[in-house]
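A.B. asks: Residue numbers (my numbering): 68 to 471.
Can you read through this structure? Questions will come right after.
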Ligand SMILES: [Zn+2]
């Protein structure tokens with residue numbers, strides 16, 4: 068059934084619901100007409116509406132569609148063998164595009180109606196963004212960072228292009244800003260888990276990072292920075308990037324600056340947590356597993372602190388990384404947020420309205436007037452977060468996406 072057909076209407080009664088910010092512990096009745104939420108009424112009005120000919124849906128809990136604010140659609144998180152993973156990357160673009168389509172399909176089937184793709188070398192993220200706009204595509208909507216910017220011979224070749232001096236930065240960022248929804252800045256490398264630290268210098272100085280931010284902002288684009296380690300975090304927050312991705316080895320001073328400047332943080336626990344939980348996949352020593360645990364514990368502590376300080380937090384998984392599967396990983400990341408001590412409403416906000424606000428969505432909440440984008444659950448995630456894992460129905464951008 069195409070919900071956007073004129074005349075298609077139904078009413079939905081939920082025992083409890085969450086609008087993206089507020090948990091309402093009483094029944095509500097929603098009217099959906101032609102794929103748009105047109106009315107929200109307190110109470111159960113099923114009988115009256117059924118008598119007026121409205122088809123009725125029911126469920127225990129309704130909430131906005133989930134958002135994964137950090138994925139790489141063209142990467143497949145399922146294989147954990149290093150050789151398989153590097154062979155995946157060598158496939159022709161057509162096959163990588165098919166892999167990205169599968170990722171976006173799997174995300175939507177999990178109730179993730181929107182993903183932010185944090186970079187791919189081929190621009191496959193842009194292609195899937197276009198495909199997802201077609202009604203009934205079965206794909207999660209995509210906010211695409213296209214290709215990012217990095218320094219030559221440094222980390223990030225699978226998702227970024229090389230820039231050199233300030234003029235080259237300006238030219239590249241202006242060019243990328245035409246099609247990229249955001250500019251991805253590869254500010255640091257990844258964590259050296261054996262050393263238990265980020266060991267390389269940031270790729271960009273504070274002055275150079277500022278050139279990236281100023282140029283992107285002049286083009287109306289936000290900047291998301293791949294960044295971990297104290298040196299990189301100081302550059303990221305100092306330059307005023309709009310979002311810090313990963314941000315391992317966070318500190319209170321950086322969080323204070325982020326809060327004051329309203330910079331978002333996407334802590335992406337998933338890839339590190341996977342390597343801690345499955346050290347055999349990489350062959351980590353007991354000592355390195357100890358580093359991983361220490362890094363995860365400090366990260367959780369800083370997430371709790373960030374919440375208390377009022378930093379804007381986004382749930383993002385880095386899906387496509389080893390062991391981090393599209394869609395499913397969102398449930399894991401949400402559990403990491405909860406384990407860190409965040410209240411359920413704050414966790415679900417970080418997975419729904421906070422990213423939508425950060426992306427500048429005209430309607431970040433589940434309210435009348437917006438295209439219907441929601442997940443219906445058989446139980447309340449406020450009683451048990453595991454309820455998120457089995458969505459009964461998913462509506463994306465006004466279309467019924469699950470069951471198909
Ligand atoms: Zn990433």
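Even glycine gets a Cβ: it sits at the ideal position worked out from N, Cα and C.
#1: Based on DSSP bridge pairs, tell me the residues matched to residue 208.
#2: Whole beta strand (DSSP E) runs in the segment 392-462 with 3 or more residues, listed along the chain?
#3: Since residue 255 and residue 265 should fall inside the 8 Å C-beta cutoff, what is the C-beta to C-beta distance between them, to a whole number of angstroms?
#4: Where the beta carbon is closer than 6 Å to any heavy atom of ligand 1, which residues qualify, in chain order?
#5: How long is the line joining the alpha carbons of residue 285 and residue 458, rounded to whole angstroms?
#6: Provide the residue span of the beta strand (DSSP E) that contains residue 217, from first to last.
#7: Taking the continuous beta strand (DSSP E) assigned at residue 466, which residues delimit it?
#8: Say whether the segment 222-237 touches the segment 202-211, bearing in mind that this needs 3 or more beta-carbon pairs closer than 8 Å, one atom from each stretch.
#9: Could you name the residues that DSSP lists as bridge partners for residue 251?
#10: Leaving out the 5 sequence neighbours to the left and right, which residues in its chain are closer than 6 Å to residue 278 when beta-carbon positions are compared?
#11: When burial is assigned at 16 or more other CB atoms within 10 Å of the CB, is residue 153 buried or exposed?
#12: Using three-state DSSP, classify residue 231 as helix, strand or coil.
#13: Spatial neighbours of residue 446 within its chain, please: C-beta separation below 7 Å, excluding the five flanking residues on both sides.
#14: Please list the segments of the beta strand (DSSP E) lying wholly inside the segment 261-317, counting only runs of 3 or more residues, in order along the chain.
#15: State the DSSP-derived secondary structure class of residue 121, mapped to helix, strand or coil.
#16: In chain order, what residues of the same chain have a beta carbon less than 7 Å from the beta carbon of residue 200, not counting five sequence neighbours either side?
#17: Using the three-state DSSP reduction, which class does residue 152 fall into: helix, strand or coil?
#18: Would you mind giving the Cβ-Cβ distance between residue 62 and residue 180, rounded to the nearest angstrom? I have them listed as a contact below 8 Å.
#19: Whose C-alpha, out of 432, 434, 361 and 448, is nearest the C-alpha of residue 492?
#20: Do the segment 319-335 and the segment 300-309 make contact, defined as three or more Cβ pairs closer than 8 Å?
#21: Let's see if you can read the secondary structure: which residues bound the alpha helix (DSSP H) around residue 161?
#22: What's the call for residue 109, buried or exposed, on a 16-neighbour Cβ count within 10 Å?
#23: If you reduce the DSSP assignment to three classes, tell me which class residue 339 lands in.
#24: Contact check, residue 147 vs residue 345 under 8 Å by CB: the rounded distance?
#25: Are residue 383 and residue 335 touching if we call contact CB-CB under 8 Å?
#26: Considering residue 76, what are the terminal residues of the beta strand (DSSP E) in which it resides?
#27: Here's the rule: buried if 16 or more other CB atoms are within 10 angstroms of the residue's CB, otherwise exposed. What is residue 149?
#28: On a CA-only basis, which of 288, 427, 261 and 183 is nearest residue 339? Give me that one, please.
#29: State yes or no: is the C-beta of residue 259 within less than 8 Å of the C-beta of residue 337?
#30: Let me check understanding here. Comparing Cα to Cα, which of 88, 87 and 137 lies closest to residue 387?
#31: Starting from residue 350, trace the beta strand (DSSP E) in both directions and tell me its first and last residue.
#32: Could you round the C-beta distance between residue 330 and residue 308 to whole angstroms and report it? I think they count as a contact, below 8 Å.
#33: Please classify residue 219 as buried or exposed, where buried requires at least 16 other C-beta atoms within 10 Å of its C-beta.
#34: Please name the residue, chosen from 274, 113 and 299, that lies closest to residue 253 on a Cα-to-Cα basis.
#35: Helix, strand or coil: how does DSSP classify residue 363 here?
#36: Output the boundary residues of the beta strand (DSSP E) element that contains residue 389.
C.D. replies: Reading from the atomic positions:
#1: In the DSSP output, where bridge partners are listed per residue, residue 208 has 181.
#2: Taken in chain order, the complete beta strand (DSSP E) segments of 3 or more residues contained in the segment 392-462 are 441-444.
#3: Between residue 265 and residue 255 the Cβ distance is about 6 Å, and since that is below 8 Å, they are a contact.
#4: Residues flagged by the Cβ proximity filter: 137, 139, 185 and 385.
#5: One C-alpha to the other measures close to 41 Å.
#6: Looking at the DSSP string, the run of the beta strand (DSSP E) that includes residue 217 is 215-218.
#7: Residue 466 -> beta strand (DSSP E) spans 466-469.
#8: No: the two stretches stay apart, fewer than three of their Cβ pairs being nearer than 8 Å.
#9: As computed with DSSP, residue 251 is found in a beta bridge with 291.
#10: Closer than 6 Å at Cβ, skipping near neighbours: 233 and 236.
#11: By the neighbour-count rule (16 or more Cβ atoms within 10 Å), residue 153 is not buried but exposed.
#12: Note: residue 231 maps to coil in three-state DSSP.
#13: 127, 128 and 454.
#14: Taking only runs of at least 3 residues, the beta strand (DSSP E) segments lying wholly in the segment 261-317 are 289-294 and 310-313.
#15: If DSSP states are grouped into helix, strand and coil, residue 121 belongs with coil.
#16: Here the set comprises nothing.
#17: Residue 152: helix per DSSP, three-state reduction.
#18: Residue 62 cannot be examined here, being either before or after the span of the chain that is shown, 68 to 471.
#19: Residue 492 is absent from the model: the chain starts at 68 and stops at 471.
#20: The answer is yes - the segment 300-309 touches the segment 319-335, with three or more Cβ pairs under 8 Å.
#21: Looking at the DSSP string, the run of the alpha helix (DSSP H) that includes residue 161 is 160-176.
#22: With fewer than 16 other Cβ atoms inside 10 Å of its own Cβ, residue 109 counts as exposed.
#23: Reduced to three states, the DSSP call for residue 339 is helix.
#24: Right, their Cβ atoms sit about 7 Å apart.
#25: For the 8 Å CB-CB criterion, residue 383 and residue 335 form a contact.
#26: Secondary structure note for residue 76: its beta strand (DSSP E) is the uninterrupted segment 76-85.
#27: Counting every other CB atom within 10 Å of its CB across the protein chains shown gives residue 149 a total below 16, marking it as exposed.
#28: Each of 288, 427, 261 and 183 was checked against the Cα of residue 339, and the nearest Cα belongs to 261.
#29: No, the Cβ-Cβ distance between residue 259 and residue 337 is not below 8 Å.
#30: When each option's Cα is compared against that of residue 387, the closest is 137.
#31: Looking at the DSSP string, residue 350 is not in any beta strand (DSSP E), and its letter there is neither H nor E.
#32: Sure, about 7 Å apart at Cβ, within 8 Å.
#33: It counts as exposed.
#34: Among 274, 113 and 299, the Cα nearest to that of residue 253 belongs to 299.
#35: Reduced to three states, the DSSP call for residue 363 is helix.
#36: Per DSSP, residue 389 belongs to no beta strand (DSSP E) and is neither H nor E.
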